[in-house]
Every structure is written in C-alpha cells, then in structure tokens.
C-alpha cells in the first residue's frame, strides 16, 4: 500500500514532500588572493563583496578550506609586537581574518599572512559567524 502511495505522489511531481529537510543555513567566506577580494555568501546568496589584504611578499596566506577555530573580539599578536587584531576569526594556527587600521592598503598584499579587513567589514563578518555559528561557517581561500 505504502509503495503505491509513494509512486502516486512521485508521479504527481510532489516527491519533495518526502525529501530530507534542507541543510542548515550557512556562511561562506570566499577569498580570492589574486584579486584581493572576498565574498561573504549567506544561505547561497552573495551578501557582501570586500577588498582585503593578504600576505605580502615573503609572507604567504594559506589556501584551502576550513571552519573557524576560535574567535576573539580583540586579540593581540604574540608574534608581531602585540599588534592588535580586532574581531579576529582564526582558521588555521595563527592565521585569521581581522580588522586593520591600514585601510588604504586594502586591495593589495600587505599582511604577514592574515586576511585583513576594513574594521566595519571585520565586525560584520564576526557578527555573522557568531549568529550562524562556526560549525555552519566555511572559509575558502584560493589563489
């Protein structure tokens, strides 16, 4: 009986009634190092496009896919003279997204390997990751 009902429902084109629930909403921080640009995609829709600064000559920014490891409203670099890293989202070891005061350098390679953002953009990304959760956030960095 059930299989006959299922076949009828599928034939009517309403098989989605039996589909699995949609995946949880997600945030994707997609960085293109060659363009020094970043897209923030929320639930499949591009919500933001921003200039970034990544690793300058002699300092690489890792490429790959990660989830956020930890987040800090304010962090200070233990490696680079206690430099401030507001709204830091760490994704691999000491590499993070964070705000910068050197906003004139955004759009060019200027960091020691982190992804630098305008302070307003870093705050917005931080809030999105907090709202959706690190487990529902993916970071993609490509050349």
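Numbering (this note's numbering), first residue to last: 386 to 528. Positions of the beta carbon are idealized from the N, C-alpha and C atoms, including for glycine.
Following the DSSP letters along the chain, one finds residue 510 in no beta strand (DSSP E) but inside the alpha helix (DSSP H) bounded by residues 504-517. Between residue 485 and the set 493, 470, 474 and 476, the nearest pair of CA atoms involves 470. Fewer than three Cβ pairs drawn from the segment 459-476 and the segment 429-439 lie within less than 8 Å of each other, which leaves the two stretches out of contact. Boundaries of the beta strand (DSSP E) harbouring residue 484: 480-484, taken from the DSSP string.
For residue 453, there is no enclosing beta strand (DSSP E), as DSSP gives it neither H nor E.
According to the DSSP secondary-structure assignment, residue 433 is paired through a beta bridge with 425.
Within the same chain, 477, 480 and 526 come within 7 Å of residue 447 by CB-CB distance, once the 5 residues on both sides are set aside. In the three-state scheme derived from DSSP, where H, G and I count as helix and E and B as strand, residue 492 is classed as coil.
If you look at residue 469, you'll find it in the beta strand (DSSP E) that goes 469-477. Here residue 514 has 412, 453, 456, 474 and 522 as same chain residues with Cβ atoms under 7 Å from its own Cβ, once five neighbours each way along the sequence are excluded.
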